[in-house]
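Q: Quick one: the structure is below, and I'll ask about it shortly.
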Amino acid sequence: MSTHRELARKHLVPHFTPKAAWHSDSLPVIERGEGCYLYDVDGNEYLDGLAGLFCVNIGHGRPDLSAAAAKQMDKLAYSTNWGFATRHPSKRRP
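Under my numbering, think of the first position of the sequence shown as 166, with each following residue one higher.
Have a look at this one:
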């Protein structure tokens with residue numbers, strides 16, 4: 166059976182990952198996040214300084230947000246706005 170690192174090397178394109186790290190046995194493979202921290206398959210903790218490239222600035226592991234997202238995705242997972250509008254447009258703050 167393939168390890169997490171072998172599968173990552175086979176199926177992922179490394180983005181800003183040094184080639185030496187990509188081919189080493191120490192390549193971190195992230196499996197979960199809690200708050201502002203990420204954890205790899207070996208249990209090492211990392212500060213998520215990039216906040217999931219700016220889309221997780223509210224933190225990882227938020228059951229309230231995953232429940233709200235699941236509720237919405239039960240109705241509609243995604244729709245482009247090219248020629249369509251959504252039923253509930255975003256509200257502007259005053």
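No residue lacks a Cβ here, since even glycine has one placed at the ideal position from N, Cα and C.
Predicted model only: the values in this text are computed from it and were never measured.
With residue 198 and residue 225 assumed to form a contact (beta carbons below 8 Å), what rounded beta-carbon distance in angstroms separates them?
A: About 3 Å; that satisfies the 8 Å criterion.
Q: In chain order, what residues of the same chain have a beta carbon less than 6 Å from the beta carbon of residue 166, not counting five sequence neighbours either side?
A: Here the model assigns residue 166 a pLDDT of 43, short of 50, so the residue's position is not dependable and the matter cannot be decided.
Q: Rounding to the nearest angstrom, what Cα-Cα distance links residue 207 and residue 176 in this structure?
A: For residue 207 and residue 176, the distance between alpha carbons rounds to 20 Å.
Q: Take the Cβ of residue 218 as the centre, count every other Cβ of all protein chains shown within 10 Å, and call the residue buried at 16 or more, exposed below.
A: Exposed is the call here.
Q: Report buried or exposed for residue 203, applying the criterion of at least 16 other Cβ atoms within 10 angstroms of its Cβ.
A: Classification for residue 203: buried.
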